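> One line per chain: the protein sequences are L and H, in this order. Residue 103 in this note's numbering sits at position 103 of the first sequence, and the numbers go up by one each step. To convert, take the position in the second sequence, counting from 1, and add 166; that gives this note's numbering. Just so it is clear, CB atoms sit at the ideal spot from N, CA and C, and this is done for glycine as well. Nothing here was measured: the structure is a model prediction, and the numbers come from that model.
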Amino acid sequence: MNWKISEIDEIFSIDLAERDGLITVSSINSDGQNIESPEVIISKLDDRSRVSVEINGKLRFAHVAKVGDKWWIHLDGDIFTISELEKGAKSSDKIEGGLTAPMPGTVLDVMVREGQRVREGQPLMTMEAMKMEHRIVAPKAGEVLSINFSQGERVDMGSVLVELGD
Amino acid sequence: MIPEWMKDAPNPFNTVLVANRGEIAVRIIKAVQEAGLRAIAIYSEPDKDSLHTEMANQAIYLPGDSLSENYLNSEAIIEAAKASGAQAIHPGYGFLSERADFAEAVEKSGITWIGPSPEAIETMGDKISARSRMIESGVPVIPGDEVAIPDDSDHLGTLASVAARVGYPLLLKASAGGGGKGMRIVREPKMLRTEYEAAAREASAAFGDGTVYVERLLTGARHIEIQILADKYGNCIHLNERDCSLQRRHQKVIEEAPSSAVSDELRKSMGESAVLAAKSVDYVGAGTVELLLSSNGDFYFLEMNTRLQVEHPVTEMITGVDLVHKQLEIASGLPLGISQDSMSISGHSIEARIYAEDAKKGFLPAIGKLALWRPPTGPGIRVDSGVKEGDEVTVNFDPMLAKLIVHAPSRMAAIRRLELALSSFVALGVTTNIGFLRNALTHPAFMSGNITTDFLDNTPMSEFTSEDPDPTVLVAIASAAKRLGAGKYGVNTNSRMIDDHSGHAYDPFITLSRRLP
């Protein structure tokens, strides 16, 4: 499994060992390099949102929630988000899809039509969100399969704006 | 049925429509129901499953996509009150709460308005008329000039002479203003024209009135406000102060009562001024007189809010007075029933406003699903919340999710209690300002009790951010949680009811809180 923590650039991968419901870390890599980890023992509690976390012998409790591909973790009063990446993903890969709305907003302009072939980097749509313009560009060359919003329509964050095929 | 406490009231009612949403609607509905009355909610499409809609005895749907069609639609709200048999309307804060024409329309339709008279709202709503009224009544105002500078005439000559009289640095303020809009600082004469034009433009856009006036700029001041209560028989008391100096761009972040900057003597004198201000407009109900306390101990009238304030709970905690219940009593025509001499202060209370916003990205509003929402509980902890687990946080409304209020014997004890409460506040799925609040609360300057209103804006954000986490621990927790099947939530709000073992929704042993003999 590869993991990306918000605001931290490196990609982490981890191997776990499990015995009697207790999970320990066998090895952990940061951008392919093996790194040191404190001794961590994690086990599930009766409440589905909580796990117990023993770090170097000190017991804490963490709350976890998975929303989409993102895991939200509440530990010692701080909240973190961490995303699971597809195997082989690199830190340069965009985690938030290039064709989804980055924020809630309004579609200002649609520059392509369905069925049209586009080249990588070609602008497909512009949208306004939080009083700023964002340009939605093709992450790869391909054919526009569908355009899901038209000019002037409101979109929610994460809505798929355009679908691209090969 | 009229409840026992209201049976001698000249103007009894048994049903109250709450013309608001979110945490304040929930707060008022609880007070109404606790008083033995029926509560009617109104809601628009995005709020159809919201907490205030669920809690009310009856909820009335107001159609339309824009606020002007529902929460700001006076006619539809008065119709809803009539249709549901409500004999009184509580406006909460924001929305229509400070609209004199709405108060007037409610009264004309024969429904009791839970608030001050339309004339009082009108006078205090216009900054220039409020200032003039305060001067007449002997309430200190910030040195300035009440000359209105309309934005449609040749005014620069007038403005320049007024500015010279008041002195630089000065503050241009929109007469119809509030919330920092139409407000501009001018440090030297050559900037007067540019800043004036910006203030007038902002004021016209926000309030439809570009009139501005001039005040001396007071720096290093504290925002102190006095809660007042007045009945229909001329009795008016103050319920001590709240200190709201921790602000970001004129928006309050953390509020507390009492203020560490206010001595008993100063409290008495500020309280008397606030009562004077309220009496000058024959005020009825709960209201707040906002004052600026300068570093040399002088204080000045800022404005009067003719409604319940967001931060009213801290006053309730230290005085033991339920302000919303008092509003109901006063509206029913009962006398105040408490005297100034019976008012006292018990301990210290602090409120932190929990917002769905990202402090690390310039406080941009955040959206998403509240996958996990576990507010803290315990002695001296109060949570006024308008949301529940599973709710979708959208950009439709104000991003305030809840208010976390603590009460403890002393200020330091209250800070420690709030710090722990913030730390144990689990809100996952939407980015919140909880971490920022904790860092602001425990900043040495706030702890010392000596901050002024410009503190947050003049302090680098790096002083309010937490240290980076140990990434290996986070990766271990996330991957272990995945392996253990923890933390998974469905998409609908009922998914949390699904039982782990049986796999059914609404497992009877969870949903029926039945006790077997």
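#1: Confirm, please, whether the CB-CB distance from lysine 293 (chain H) to lysine 347 (chain H) is below 8 Å.
#2: Among H:Asp464, H:Ser628, H:Ile351, H:Lys196, which residue has its Cα nearest to the Cα of alanine 387 (chain H)?
#3: Less than 8 Å separating the beta-carbons of isoleucine 307 (chain H) and leucine 336 (chain H)?
#4: Compute the beta-carbon to beta-carbon distance between glycine 684 (chain H) and leucine 538 (chain H), rounded to the nearest angstrom, for a pair I have assumed lies under 8 Å.
#5: Can you give the beta carbon distance from arginine 408 (chain H) to glutamate 469 (chain H), rounded, assuming they're within the 8 Å contact cut?
#6: Name the residue from L:Met1, L:Val118, L:Val64, L:Glu153 whose alpha carbon lies nearest to the alpha carbon of aspartate 31 (chain L).
#7: Are the Cβ atoms of threonine 481 (chain H) and leucine 405 (chain H) separated by less than 8 Å?
#8: Write down every uninterrupted run of the alpha helix (DSSP H) in the segment 314-342 of chain H whose length is 4 residues or greater and which is fully enclosed by it, in chain order.
#9: Can you tell me the Cα-Cα spacing of proline 139 (chain L) and lysine 527 (chain H), whole angstroms?
#10: List the residues that DSSP assigns as beta-bridge partners of threonine 181 (chain H).
#11: So, do the segment 510-520 of chain H and the segment 573-592 of chain H have three or more beta carbon pairs nearer to each other than 8 Å?
#12: If I measure Cβ to Cβ from isoleucine 484 (chain H) and keep anything under 8 Å in the same chain, skipping five residues before and after, which residues do I get?
#13: Tell me the rounded alpha-carbon separation between proline 229 (chain H) and isoleucine 35 (chain L).
#14: Would you check if the distance between the CB atom of arginine 113 (chain L) and the CB atom of proline 123 (chain L) is smaller than 8 Å?
#15: Proline 123 (chain L) by DSSP, collapsed to three states: which one?
#16: Cα separation between isoleucine 676 (chain H) and serine 295 (chain H)?
#17: Alpha carbons only, please: which of H:Asn599, H:Trp171, H:Pro501 is nearest the one belonging to tyrosine 399 (chain H)?
#18: How close, in whole Å, do the beta carbons of alanine 191 (chain H) and glycine 258 (chain H) come, if the pair is a contact with beta carbons under 8 Å?
#19: If we cut at 8 Å on Cβ distances, does serine 661 (chain H) have a partner in chain L?
#20: Count the other CB atoms within 10 Å of the CB of leucine 161 (chain L); is the residue buried (16 or more) or exposed (fewer)?
#21: Under the DSSP definition of a beta bridge, which residues are partnered with cysteine 410 (chain H)?
#22: Could you tell me whether any Cβ in chain H is nearer than 8 Å to the Cβ of aspartate 78 (chain L)?
#23: Hey, how far is the Cα of lysine 44 (chain L) from the Cα of valine 64 (chain L)?
#24: Nearest chain H C-beta to serine 91 (chain L) closer than 8 Å, yes or no?
#25: Would you identify the three-state DSSP class for glycine 362 (chain H), choosing helix, strand or coil?
#26: Along the beta strand (DSSP E) that carries aspartate 636 (chain H), what are the first and last residues, could you check?
#27: Step through the CB atoms of chain H and report whether any lies within less than 8 Å of the CB of lysine 58 (chain L).
#28: Name the residue from L:Ser159, L:Phe149, L:Thr81 whose alpha carbon lies nearest to the alpha carbon of glycine 653 (chain H).
#29: Cα-Cα, which of H:Ala606, H:Asn186, H:Arg433, H:Trp171 is closest to asparagine 180 (chain H)?
#30: Taking just the CA atoms, how far does aspartate 69 (chain L) sit from serine 91 (chain L)?
#31: Please decide whether serine 159 (chain L) counts as near chain H, where near means a Cβ-Cβ distance under 8 Å.
#32: Three or more C-beta pairs under 8 Å: does that hold for the segment 632-639 of chain H against the segment 542-558 of chain H?
#33: Measure from the alpha carbon of glutamine 393 (chain H) to the alpha carbon of each residue in H:Glu189, H:Glu456, H:Ser234, then state which is nearest.
#34: Where does the unbroken beta strand (DSSP E) through phenylalanine 261 (chain H) begin, and where does it stop?
#35: If we call anything under 8 Å between Cβ atoms a contact, is serine 283 (chain H) one with valine 450 (chain H)?
#36: Keeping to the same chain, check which residues put their C-beta closer than 6 Å to that of glutamate 96 (chain L); ignore five residues upstream and five downstream.
On the basis of the data shown:
#1: no
#2: H:Asp464
#3: The identity of residue 307 (chain H) in the sequence shown is valine, whereas the question assumes isoleucine. For valine 307 (chain H) and leucine 336 (chain H), no; Cβs fall outside 8 Å.
#4: Residue 684 (chain H) lies beyond the stretch modelled for chain H, which goes from 167 to 683, so this question has no answer here.
#5: Between glutamate 469 (chain H) and arginine 408 (chain H) the Cβ distance is about 14 Å, and since that is not below 8 Å, they are no contact.
#6: L:Met1
#7: yes
#8: 322-332
#9: 25 Å
#10: H:Arg204
#11: yes
#12: Asn406, Ala423, Pro424, Ile511, Ser512, Gly513, His514, Ser515, His573
#13: 58 Å
#14: no
#15: strand
#16: Note that isoleucine 676 (chain H) scores 38 on pLDDT, short of 50, meaning its location in the model is unreliable and no value can be drawn from it.
#17: H:Pro501
#18: 6 Å
#19: Here the model assigns serine 661 (chain H) a pLDDT of 39, short of 50, so the residue's position is not dependable, and the following value carries that caveat. Output row for serine 661 (chain H): interface = no.
#20: buried
#21: DSSP, once it has assigned bridges, lists no residue as partnering cysteine 410 (chain H).
#22: yes
#23: 11 Å
#24: Summary for serine 91 (chain L): the model assigns pLDDT 44, below 50, so the residue's position carries little reliability; its value from the coordinates is reported in the next sentence. For serine 91 (chain L), the answer is no, since every Cβ of chain H falls outside 8 Å of its Cβ.
#25: In the sequence under discussion, the amino acid at residue 362 (chain H) is tyrosine, which differs from the glycine named in the question. Here tyrosine 362 (chain H) sits in helix by DSSP.
#26: Where aspartate 636 (chain H) is concerned, there is no enclosing beta strand (DSSP E), given that its DSSP letter is neither H nor E.
#27: no
#28: L:Thr81
#29: H:Trp171
#30: Low confidence applies here, because serine 91 (chain L) scores a pLDDT of 44, under 50, leaving its location unreliable; read the following figure in that light. Taking the straight line from one Cα to the other gives about 16 Å.
#31: no
#32: no
#33: H:Glu456
#34: Neither: phenylalanine 261 (chain H) is in no beta strand (DSSP E) and is coded neither H nor E.
#35: yes
#36: Only weak support exists for where glutamate 96 (chain L) lies, its pLDDT of 37 falling under 50; the value from the coordinates is given anyway. Same-chain partners within the cutoff: there are none.
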